[in-house]
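I have placed the structure first, in the form of structure tokens, so that the comments after it can refer back to it.
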Amino acid sequence: KAGVTQTPRYLIKTRGQQVTLSCSPISGHRSVSWYQQTPGQGLQFLFEYFSETQRNKGNFPGRFSGRQFSNSRSEMNVSTLELGDSALYLCASRAGGNQPQHFGDGTRLSIL
Amino acid sequence: AQSVSQHNHHVILSEAASLELGCNYSYGGTVNLFWYVQYPGQHLQLLLKYFSGDPLVKGIKGFEAEFIKSKFSFNLRKPSVQWSDTAEYFCAVNPGGSYIPTFGRGTSLIVHP
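Chains as they are written, first to last, in this note's numbering: chain C, 5 to 116; chain D, 3 to 115.
Take a look at the structure:
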């Protein structure tokens, strides 16, 4: 069974630009969550999508948005990039209920 | 707000030493508890989980954790670490009724051969 796939693995952008990250969950998993991982803050929850609907949202500004498609694939968009957005962005999928998250390798975003 | 505290940010051990990583949470109700591990260059993976029942939970690679409800703790232990245990370890807590885990900031473990 293929794991969670995130693309691209690495991205370099400049301030003010926008970026879109992609996540394909494990087959059959309908819940997809996004996290921001930084050395100082650990994993910070961004949002969760389930059946194309945002079900939960963390404390991030509106520049961070996402969506989920009918095949459960999800995208995350960050607009007007800031230096502080440099981080590893992780996607996780879950079978449902309180089952554990399965994580992808992440997208390393660097802002110059 | 729900919070998860991992008291040890960096731990350095020699092989065969015993390991205990602390995890405390602030939520007072029913919780589901997890430990995840992130090996260098790899994705986060589940080490073990606790939902209910026996508070001593055994996971992969010889790890175990004990849920002590009165102390709001879920400490991770391993009797004898190996060099290959070098990794970052994250504790995560789902408060009852929520499917979104809150993660601790992680503990970086370095094991010297």
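Think of the CB as a built atom: it goes at the ideal place given N, C-alpha and C, for glycine as much as any other residue.
Beta-bridge annotation (DSSP): Asn81/C is paired with Thr24/C, Ser69/C. Pairing His33/C with Arg98/C gives a Cβ-Cβ distance under 8 Å. Contact holds between the segment 76 to 85 of chain D and the segment 18 to 29 of chain D, because three or more Cβ pairs, one in each stretch, are under 8 Å apart. By the neighbour-count criterion, in which 16 or more other beta carbons inside 10 Å mark a residue as buried, Asn34/D falls on the buried side.
Cβ contact annotation for Tyr52/D (same chain, cutoff 6 Å, sequence separation greater than five): Leu35, Val59, Phe69, in chain order. Per DSSP, Ile16/C is one residue of the beta strand (DSSP E) stretching across 14 to 17. Remark: fewer than three beta-carbon pairs, one from each stretch, lie closer than 8 Å, so the segment 39 to 49 of chain C and the segment 24 to 31 of chain D are not flagged as touching. For Glu86/C, no beta strand (DSSP E) run applies, since DSSP gives it neither H nor E. For the pair of segments examined, the segment 47 to 61 of chain C was found to touch the segment 91 to 107 of chain D: the number of CB pairs separated by less than 8 Å reaches three.
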